[in-house]
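Undergrad: Anchor point for the sequence shown: position 66 equals 175 in the working numbering, and the numbering is continuous, going up by one each time. Every residue, glycine too, gets a C-beta built ideally from N, C-alpha and C. Please read these numbers as outputs of a predicted model, since none were measured by experiment.
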Amino acid sequence: RAVAGAGAAAIMAAAPAMAADVKLGGDNGQLAFIPSSVTVKSGESVTWTNNAGYPHNIVFDEDEIPSGVNASSLSHEDYLNAKGDQVSTKFTEPGSYSYYCEPHQGAGMQGKVIVE
Numbered sequence: 110r111a112v113a114g115a116g117a118a119a120i121m122a123a124a125p126a127m128a129a130d131v132k133l134g135g136d137n138g139q140l141a142f143i144p145s146s147v148t149v150k151s152g153e154s155v156t157w158t159n160n161a162g163y164p165h166n167i168v169f170d171e172d173e174i175p176s177g178v179n180a181s182s183l184s185h186e187d188y189l190n191a192k193g194d195q196v197s198t199k200f201t202e203p204g205s206y207s208y209y210c211e212p213h214q215g216a217g218m219q220g221k222v223i224v225e
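#1: Ends of the alpha helix (DSSP H) at Ser184?
#2: Using the three-state DSSP reduction, which class does Asp172 fall into: helix, strand or coil?
#3: Who pairs with Gln195 in a beta bridge, going by DSSP?
#4: Nearest CA to the CA of Asp187: which residue from Gln139, His165, Leu133 and Gly177?
#5: Residues in its own chain within less than 7 Å of Tyr163 by CB, not counting five upstream and five downstream?
#6: Taking its Cβ as the centre, do 16 or more other Cβ atoms sit within 10 Å of Gly220, making it buried, or is it exposed?
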């Protein structure tokens, strides 16, 4: 049994680090990232999934991310147009990353990723 457990742990450790899931649009149709803030460790990824009120996208604000990080390389500017569409971003540099949905920025659709 110990060997099986160790094998399972090794398989789990080798899997990609998917640390946080964020819905694009609330279940009740609200124009929001759910949750609006997530915390991940360096090397982990955030996955955004289209839920409601689309189209949505994820655009990182170059003035609201750690210095030296390329906002364009983090952003997913193409619209997600269907329920269940997903995009992911891996974060390696610790700090705070603010982002927004371009079509719904005026409605206050914004979020934050904190990387430890």
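TA: Reading off the structure:
#1: Taken as a continuous stretch (DSSP letters only), Ser184 belongs to no alpha helix (DSSP H), as it is neither H nor E.
#2: helix
#3: Thr158
#4: His165
#5: Leu133, Gly134, Leu189 and Asn190
#6: buried
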